[in-house]
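Below you'll find the structure, written out as structure tokens, and then a few comments.
Numbering (the working numbering), first residue to last: 31 to 98.
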């Protein structure tokens, strides 16, 4: 099973989600609990594969100066 890197960073009231291995795969989530589902959905749609056919490695980017 393949693993996709998911990079997440906070922008105001949104979580910005990027999947570098899939060009153009970006999404956003309002709540942190939505990040995995949103990332899984965008990867599956872009690659035309089932949402349960890969793993996610979610990594949070912490801004310089610490967490918000």
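All C-beta atoms, glycine included, are put in the ideal place defined by N, C-alpha and C.
Item	Value
Look at the Cβ atom of residue 58, then the Cβ atom of residue 48, and state whether they are nearer than 7 Å.	no
Using a Cβ-Cβ cut-off of 8 Å (strictly less than) and excluding sequence neighbours within five positions of residue 91, which residues of its own chain qualify?	37, 38 and 39
Which partner residues of residue 9 appear in the DSSP bridge assignment?	Residue 9 lies beyond the stretch modelled for the chain, which goes from 31 to 98, so this question has no answer here.
Since residue 35 contacts residue 82 with CB under 8 Å, what's their CB separation in whole angstroms?	Wrong, their Cβ atoms sit about 18 Å apart, outside the cutoff.
Got a sec: does the ligand GTP put a non-hydrogen atom nearer than 6 Å to the Cβ of residue 34?	Looking for the ligand GTP in the displayed structure turns up nothing, as the structure carries no ligands at all.
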